[in-house]
Amino acid sequence: MIEKSDLKIIDRVCPVCGSSSDKAQTAVTAHAEPTLDNLQNIFDKWEGFHSKTCYFTYFRCTNCGVLYNNKYFDDDSINLLYSAIADNTSGAPLETHDQTQKEYARILVKAGLQEGALIEIGPDLGLVAKAITDSSKVTELFFVEKNILSHTSLQNISKVIPTEIVTDLELLEQDVMGTAAVLVHVLDHVLLPKATLELLHSHLKSDAKILIVVHNEGSFLRKFMRGLWPPFRLQHPHLFSPKSLKFLLENSGYTNISVKKSVNYMPLRHAYLLAAQSLGLPKNLAKLLPKVNLPLKLGNIVATAQVVG
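Reading the sequence shown from the start, the letters are residues -11 to 297 in my numbering.
As structure tokens, then:
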């Protein structure tokens, strides 16, 4: 059981460029900020999307443009809060989630996947890696996954490709060098995204390719929903736009950067239920919608980049 003394809220500088929070402007004011005096509210709001939102106020860095919380939980607190999270699929049916992940794999292969080791941080169910292994260019798999409950399924992604799993990127052996890396909805969760990308860079060969998927705070959907946009939540200490994501990659040692809107495959009924949960709409209306899967641009962006030789 997590106690108040187990959690700590710290002050933060910009996680992308290091600028002082004095140089940031208030961008999205939270209607209700979390407090350690109400732990149950933190637990309730940590997972899933809610119509009654609770998150730290977001500020925009005037130097690099990223949105970030200038107050947030420290790293130990984050690990505790994630300890009960089962997966990151938002309850979407596995077959449609798999379809989305296969599209990410296709984008990485098209970007010029080379033969060699694949490193994936936060692989969840390992669906992207499984799809990439079908290209026959992956010779080794390295997963960085804090949730040890998923390690067994990740170990079984391939019966013929050597697989190693660690709980932290710092635990990878120094001689591990990949030709590709994948981070799907990881950078908007980690406390230090620039440090993460720089450490990953040290484990990638010259000309290696990297694929990143994050929420797009510059999207029309975000502007339309304002403070009710679902990614404004406790799990996201910062959020990117195409501009700030490109800035981050360029300043972390990557080149040939491409940032585009990504497509999510989702049942129409499930998409409505997510919207209803965020906006407080009646859920029973979902039964009136047809059972079809739609390719939707839901405010996410996918970036590919290359390691500087």
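Cβ atoms here follow ideal geometry from the backbone N, Cα and C, with glycine treated the same way.
- Per DSSP, residue 250 has no beta bridge partner at all.
- The DSSP-derived three-state label of residue 227 is strand.
- Taking a C-beta distance under 8 Å as the contact criterion, residue 93 and residue 116 qualify as a contact pair.
- Residue 71 has its alpha-carbon roughly 17 Å from the corresponding atom of residue 221.
- In the structure shown, the three-state DSSP call for residue 194 is strand.
- Counting along the chain, residue 60 sits inside the beta strand (DSSP E) bounded by residues 59 to 61.
- Annotation: residue 162 to residue 169 spans about 16 Å, alpha carbon to alpha carbon.
- Its chain contains 53 as the residues whose beta carbon lies nearer than 6 Å to that of residue 231, once the 5 sequence neighbours on both sides are disregarded; these appear in chain order.
- The Cβ atoms of residue 166 and residue 133 lie no closer than 8 Å to each other.
- At a Cβ-Cβ threshold of 8 Å, residue 153 and residue 139 count as neighbours.
- Taking C-beta separations shorter than 7 Å and ignoring five residues to either side along the sequence, the partners of residue 89 in its chain run 115, 116, 119, following chain order.
- For residue 140, the uninterrupted alpha helix (DSSP H) run begins and ends at 139 to 143, by DSSP.
- For residue 43, the three-state secondary structure derived from DSSP is coil.
- Bridge pairing for residue 204: 228 [DSSP].
- Annotated three-state conformation of residue 109 is strand, per DSSP.
- DSSP, read as helix, strand or coil, puts residue 130 in strand.
- Straight across, the Cα-Cα distance linking residue 159 with residue 131 is about 11 Å.
- The alpha-carbon separation between residue -5 and residue 103 amounts to approximately 43 Å.
- Membership of residue 153 in the beta strand (DSSP E) is indicated by the continuous run 151 to 154.
- The Cβ neighbour count for residue 48, taken over all protein chains shown within 10 Å, is at least 16; the residue is labelled buried.
- Under the three-state reduction of DSSP output, residue 48 falls in the strand class.
- Judged by DSSP in its simplified three-state form, residue 116 adopts helix.
- Per DSSP, the unbroken alpha helix (DSSP H) holding residue 187 starts and ends at 181 to 189.
- About 7 Å separates the beta carbons of residue 19 and residue 215, which is inside the 8 Å limit, making them a contact pair.
- Looking at 207, 17, 50, 190, the one whose alpha-carbon comes closest to that of residue 59 is 17.
- Pairing residue 243 with residue 293 gives a Cβ-Cβ distance under 8 Å.
- Residue 237 is not a Cβ neighbour of residue 55, given a cutoff of 8 Å.
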